[in-house]
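Here's the structure, in structure tokens; my notes come after.
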Amino acid sequence: MCKTTGVLATPPPPMDDESVSDPLECPPLRWGMIGCGRVSHDFTQALKNLPTASVVACSARSEKDAEKFAVKHGISKFYGGYDEMLTDPNVDIVYVGNLHAFRRTVGEKCLKANKHVLLEKPFACSVEDAEYLIGLAKERNLFLMEGMWTRFFPAVEKARRVVLGSQNEKGILGEVVSVHSDFNFNAADSEEYPSSFVYNHKLGGGASYLVAPYPIAAVTLFFRGANPDQTKAVGQVDKATGVDLQGNMTVRFPPTGDTAPAVDDSNTEENTPKLPGAGVATLSFGMLGESKEETCVIGTKGQLTIETPGHCPTRVHVAIKASGRGQSLNEVFEYRLPADTEEIKDAGGYFYPNSAGFAYEAAAVARCIATGKTEAPQFTLNETMINIKMIEELRDQLGVKPLPSS
């Protein structure tokens with residue numbers, strides 16, 4: 000028998016500050032926007048849920064586009080180019096939401112201007128570029144993070160606690176055996192082939208940059224940011240454009256110890272032959288058709304499912320194994336997103352699902368910077384590097400050519 004209960008839950012304390020009861024609580028921070036496209040629009044909209052946040056400037060390659068963006072969002076300054084905005088002393092942090100291929104050059108400009116930086120996914124288009132940007136940020140003692148906003152949703156903060164535990168309590172799923180995560184959407188719904196950016200290899204198009212970072216980050220979260228020791232990838236590369244359209248990966252994580260609980264006399268909680276830390280994961284990504292988009296974590300004592308949409312979720316389903324095969328006690332935790340304000344509605348709402356959740360990420364960034372942190376514990380720079388190495392490996396296995404140096 001499987002018994003299920005559901006609850007509209009109170010958000011757990013965010014990982015960056017366990018004393019915070021409201022994940023939208025944060026000190027003041029002044030943002031400058033690089034790129035005035037759809038994702039930057041949604042991020043700016045979400046910031047309107049944070050009374051202490053302000054967007055003081057925006058910039059785009061076209062001054063006309065920047066002005067239009069500024070008028071829509073009530074931003075006092077706009078620039079047709081990035082360099083002038085980066086000299087503005089009122090800008091504390093720069094959100095970079097422009098084309099993928101220019102992550103290194105734009106990130107470098109921001110850091111050399113001594114601005115904190117939030118770089119949208121992908122953080123970089125090569126391991127070399129990522130290492131360079133991280134080194135530059137550390138050299139200048141600046142906050143730098145990849146925009147893996149998923150990690151900051153209360154549903155994911157809850158999932159982390161259930162599986163991995165927290166400062167004051169242990170996880171309840173036992174040893175993680177495997178993780179399965181998918182994110183596929185149909186780009187043809189909104190993008191013209193082959194003219195759209197998503198099919199442009201030189202600009203950083205392709206599924207491995209657009210969507211693969213999400214399931215990869217889901218997998219590495221529940222294996223505690225470990226490096227996989229084996230990766231196998233298959234997929235489809237479009238001959239005409241050179242971008243990858245879809246792919247599947249299977250990865251293996253090595254053990255962190257050499258004694259299984261089943262033969263460890265000191266372990267009274269587990270009776271499994273699985274070595275600590277060892278496990279496997281499968282992930283699917285693509286832009287040809289929509290998948291269910293969930294992340295499922297299988298442990299020796301139960302399962303956890305981050306329900307759809309897995310990259311911006313509001314619900315977590317926990318199934319704790321009961322006595323006997325197929326028996327479990329189930330609980331669903333739901334976390335409501337911030338409601339749209341009139342200001343958000345007047346500016347046109349959001350382009351993408353659950354974009355109000357950007358506010359959780361932005362609030363955490365503000366808290367981290369205010370306390371002198373140069374990265375967020377929810378998604379560290381070390382994890383960014385692991386994930387980019389996995390993306391580079393899968394692109395190599397699929398036969399996707401590297402981008403030319405920017």
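Heads up: the sequence shown begins at 0 in numbering that gives the first Met the number 0, then just goes up one per residue.
Beta carbons: idealized from backbone N, C-alpha and C, even for Gly.
Remember, predicted model here, so these are calculated numbers, not experimental data.
Taking the Cα of TYR81 as reference, the smallest distance to any Cα among SER58, GLN396, PHE184 is reached at SER58.
Looking at the DSSP output, PHE182 sits in a beta bridge with PHE284.
If you look at SER39, you'll find it isn't in any beta strand (DSSP E); it sits in the alpha helix (DSSP H) that goes 37 to 46. Scanning its chain for C-beta atoms nearer than 7 Å, with the 5 sequence neighbours on each side dropped, one finds around VAL155 the residues THR149, ILE305, PRO312, in chain order. If you keep only unbroken beta strand (DSSP E) runs of at least 3 residues inside the stretch 76 to 147, you get 76 to 79, 92 to 95, 115 to 118, 143 to 145. Leaving aside the five residues that flank GLN44 on each side, the residues in its chain whose CB is nearer than 7 Å to its CB run, in chain order, ILE343, ALA346, TYR349, SER354. Linking VAL178 to PHE184 through their CA atoms gives a straight-line distance of about 20 Å. When the Cα atoms are used, ILE92 and ASN381 turn out to be separated by approximately 21 Å. By the neighbour-count criterion, in which a residue is buried when 16 or more other Cβ atoms sit within 10 angstroms of its Cβ, VAL70 is exposed.
For LYS238, no alpha helix (DSSP H) run applies, since DSSP gives it neither H nor E. Judged by DSSP secondary structure, CYS367 falls outside any beta strand (DSSP E) and instead within the alpha helix (DSSP H) spanning 357 to 369. With 16 or more other CB atoms across the displayed protein chains lying within 10 angstroms of its CB, LEU303 is buried.
Secondary structure note for ARG159: its alpha helix (DSSP H) is the uninterrupted segment 153 to 163. Beta-bridge partners of ASN226 (DSSP): none assigned. Boundaries of the alpha helix (DSSP H) harbouring THR219: 212 to 221, taken from the DSSP string. At a Cβ-Cβ threshold of 9 Å, GLY164 and GLY298 do not count as neighbours.
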